[in-house]
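For reference, each letter of the sequence shown is one residue, going -7 to 90 in our numbering. Where a beta carbon is used, it is the ideal one built from N, C-alpha and C, also for glycine. Because the structure is a prediction, the values reported are computed rather than measured.
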Amino acid sequence: MFIVRLSYQASLAEIDQALAAHKAYLDQHYAAGRFLVSGRLEPRTGGVILASLSDRAELDAVLAEDPFAQQGLAAYEVLEFHPTRWDSKLDGAFTAGA
């Protein structure tokens, strides 16, 4: 599992122009079961994605598809972690130690 932090590298006007394409990209990966949670940071300097992939190379390939990445609008920081505890509301979303 990965936490991905996006940091905007462009003006908000440029981000807003690419936002519809970015949302379509997110929808595609939610439908495929790769993304669990996403949203913008406050203040609006970037965003966060919780990705349920187990392979870093696959994640890197998925992130390269993001219109923000393709247009040079965001930089990505990736943190890998292995969930061992979670609230029961999230049962089924995680596999302990995976």
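Asked                                                                                                                                                                : Found
Which of the three DSSP states, helix, strand or coil, is assigned to residue 10?                                                                                    : helix
Can at least three beta-carbon pairs, one atom from the segment 3 to 15 and one from the segment 45 to 65, be found at a separation below 8 Å?                       : yes
Give a yes or no on contact between the segment 14 to 23 and the segment 68 to 78, applying the rule of three or more CB pairs nearer than 8 Å.                      : no
Kindly indicate which three-state DSSP category residue 57 falls into: helix, strand or coil?                                                                        : coil
Does DSSP classify residue 65 as helix, strand or coil?                                                                                                              : coil
Starting from residue -6, trace the beta strand (DSSP E) both ways and give me its first and last residue.                                                           : -6 to 0
Contact defined as beta carbons within less than 8 Å: I believe residue 28 pairs with residue 44. What is the distance between those atoms, to the nearest angstrom? : 5 Å
Are the beta-carbon atoms of residue -6 and residue 51 separated by less than 8 Å?                                                                                   : yes
Hey, could you find the ends of the beta strand (DSSP E) residue 42 is sitting in?                                                                                   : 38 to 43
Work out the CA separation of residue 84 and residue 76 for me, nearest whole Å.                                                                                     : 13 Å
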